[in-house]
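Chains as they are written, first to last, in the working numbering: chain A, 1 to 243; chain B, 1 to 243.
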């Protein structure tokens with residue numbers, strides 16, 4: 001049961017603008033659909049101390065933490081070491097992973113390939129029929145690779161572990177600006193402190209000026225708040241409602 | 001002079017998977033081209049306490065910090081308040097911004113529109129001919145809006161403030177895997193501790209297996225390290241060099 005989640009992306013290639021990450025946006029969408037609230041995404045360099053500090057902090061703050069990137073055989077793959085330090089343990093070579101790699105490479109492994117068998121001590125390997133190579137988890141931290149296809153494969157194999165009560169979302173599109181809309185939204189927020197109410201202006205969209213999102217795990221609350229806004233809007237202000 | 005930068009994206013809409021951010025990737029590319037090293041990107045909710053804590057920490061850790069999002073007239077726009085707390089001050093209404101908004105809206109402002117004139121006390125307004133509405137900065141924090149077009153307009157007006165010695169980047173593409181390549185890379189890292197050396201495998205690219213990036217502000221160092229790798233590679237392993 002994971003109500004809140006954090007995401008740690010590890011990669012100089014993102015920070016230096018060489019690649020745009022796709023894993024965080026994917027994971028945010030998937031977790032939201034499962035009913036899990038992502039509370040933080042941090043993108044940090046391939047440096048053991050920074051990884052250890054960030055994972056330690058997020059692991060304490062959230063029910064579950066996902067890391068992406070920094071797993072592999074080269075010098076800049078230091079996520080396993082960082083996570084091990086974060087949870088107060090050390091990196092070991094996992095015998096099942098060594099065996100798996102020996103079968104895969106059909107023979108003895110060099111030092112670089114043996115690094116692929118390294119995990120934090122106490123880590124659990126999560127495999128199902130769909131994965132060639134298991135996912136690695138320790139405490140509440142799931143260590144996923146940066147390569148998007150493999151990231152998704154591994155998350156898909158794990159996803160049912162995280163299913164929660166779903167969120168209900170209704171979007172209301174209006175053709176009045178935020179400056180006019182704000183009073184109505186403030187009234188809604190004051191009346192329904194538990195409602196997640198978002199207001200997203202568009203400056204060059206011919207269809208509407210603001211998208212207002214109503215979201216909660218309580219469907220009745222969402223429906224009631226939408227109804228209240230629709231009643232309060234001036235005539236002609238509503239463009240459409242999307243459920 | 002900004003050698004290091006941090007980025008704080010503020011927005012429930014990103015964390016809940018409703019939109020994929022484009023500002024961080026843009027800013028990483030632009031800052032890198034200017035010679036500035038981005039050390040951290042944090043994506044956090046529209047919550048004053050979290051914004052204050054994150055901006056305070058990043059402002060202390062980096063030469064310059066950019067925020068994106070959470071500026072506007074509605075209840076969920078709390079970045080100004082968060083940044084004000086981060087730098088130990090309060091939010092005030094800036095007289096120049098009130099005057100600018102009165103001209104723009106051609107008359108007196110309601111409470112919601114007056115919020116657009118709020119900035120942390122002591123903030124500087126940075127305007128140039130290209131901006132309809134100035135950018136806001138306090139200490140080493142630049143407060144930018146989340147809407148991508150306006151984010152880019154404002155950053156473009158500010159960019160020359162951040163120009164540094166540029167990075168030199170050479171990419172070497174090889175058709176041997178990381179497991180074989182790792183020894184060569186370890187040798188390079190040991191010999192040139194100041195070199196930024198990245199290794200990025202591709203699993204389904206017919207052209208190459210690994211892209212190796214060599215980067216430094218010292219062009220000679222980059223050229224020398226590339227030469228060393230090219231000499232060490234087995235015959236036929238090189239696909240191409242990109243400068």
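Ideal placement from N, C-alpha and C gives every residue a C-beta, glycine not left out.
Smallest Cα separation from residue i: which of the options?
| i | options | result |
| --- | --- | --- |
| residue 19(B) | 124(A), 117(A), 198(A) | 198(A) |
| residue 75(B) | 17(A), 190(A), 165(A) | 190(A) |
| residue 218(A) | 85(A), 195(A), 163(A) | 195(A) |
| residue 77(A) | 43(A), 107(A), 118(A), 105(A) | 118(A) |
| residue 165(A) | 9(A), 184(A), 216(A) | 216(A) |
| residue 122(B) | 13(B), 29(B), 95(B) | 95(B) |
| residue 61(B) | 148(B), 99(B), 37(B), 50(B) | 37(B) |
| residue 51(A) | 243(A), 148(A), 71(A), 231(A) | 71(A) |
| residue 128(B) | 112(B), 115(B), 143(B), 154(B) | 154(B) |
| residue 175(B) | 234(B), 150(B), 137(B) | 234(B) |
| residue 159(B) | 111(B), 109(B), 10(B), 29(B) | 29(B) |
| residue 44(A) | 56(B), 4(B), 91(B) | 4(B) |
| residue 141(A) | 120(A), 226(A), 114(A) | 120(A) |
| residue 143(B) | 232(B), 225(B), 126(B) | 126(B) |
| residue 171(B) | 80(B), 41(B), 222(B) | 222(B) |
| residue 149(A) | 202(B), 104(B), 17(B) | 202(B) |
| residue 228(B) | 136(B), 187(B), 57(B) | 187(B) |
| residue 156(B) | 85(B), 26(B), 9(B), 208(B) | 26(B) |
For the alpha helix (DSSP H) holding residue i, just list the boundary residues, first then last.
| i | result |
| --- | --- |
| residue 184(A) | 178-191 |
| residue 82(A) | 79-86 |
| residue 233(A) | No alpha helix (DSSP H) holds residue 233(A); DSSP gives it neither H nor E. |
| residue 96(B) | 95-105 |
Is DSSP giving residue i helix, strand or coil here?
| i | result |
| --- | --- |
| residue 226(A) | helix |
| residue 211(B) | strand |
| residue 148(A) | helix |
| residue 25(A) | helix |
| residue 1(A) | Only weak support exists for where residue 1(A) lies, its pLDDT of 49 falling under 50; the coordinates are left without a value. |
| residue 204(A) | coil |
| residue 59(B) | helix |
| residue 14(A) | helix |
| residue 20(B) | coil |
| residue 48(B) | helix |
| residue 118(B) | strand |
| residue 159(A) | helix |
| residue 220(B) | helix |
| residue 243(A) | coil |
| residue 34(B) | helix |
How far does the beta strand (DSSP E) with residue i in it extend, from its first residue to its last?
| i | result |
| --- | --- |
| residue 37(A) | 37-44 |
| residue 173(B) | 168-174 |
| residue 199(B) | 196-201 |
| residue 126(B) | 124-126 |
| residue 135(B) | 135-138 |
| residue 89(B) | Unbroken run through residue 89(B): none, as it is neither H nor E. |
| residue 67(A) | 64-68 |
Count the other CB atoms within 10 Å of the CB of residue i; is the residue buried (16 or more) or exposed (fewer)?
| i | result |
| --- | --- |
| residue 178(A) | buried |
| residue 134(B) | buried |
| residue 6(B) | buried |
| residue 99(B) | exposed |
| residue 242(B) | exposed |
| residue 182(B) | buried |
| residue 161(A) | exposed |
| residue 151(B) | buried |
| residue 205(B) | exposed |
| residue 33(B) | exposed |
| residue 67(B) | buried |
| residue 132(A) | exposed |
Closer than 8 Å, CB to CB, is residue i near chain B or not?
| i | result |
| --- | --- |
| residue 232(A) | no |
| residue 290(A) | Beyond the ends of chain A as shown, which are 1 and 243, falls residue 290(A); an answer cannot be given. |
| residue 250(A) | This structure cannot settle anything about residue 250(A), because the visible part of chain A is limited to 1 through 243. |
| residue 18(A) | yes |
| residue 168(A) | no |
Check whether chain A comes within 8 Å of residue i, counting only Cβ atoms and requiring the distance to be less than that.
| i | result |
| --- | --- |
| residue 235(B) | no |
| residue 133(B) | no |
| residue 229(B) | no |
| residue 62(B) | no |
| residue 110(B) | yes |
| residue 217(B) | no |
| residue 13(B) | yes |
| residue 99(B) | no |
| residue 194(B) | no |
| residue 75(B) | yes |
| residue 82(B) | no |
Does any heavy atom of the ligand FMN sit closer than 7 Å to the C-beta of residue i?
| i | result |
| --- | --- |
| residue 187(B) | No copy of the ligand FMN occurs in the structure displayed, which carries no ligand at all. |
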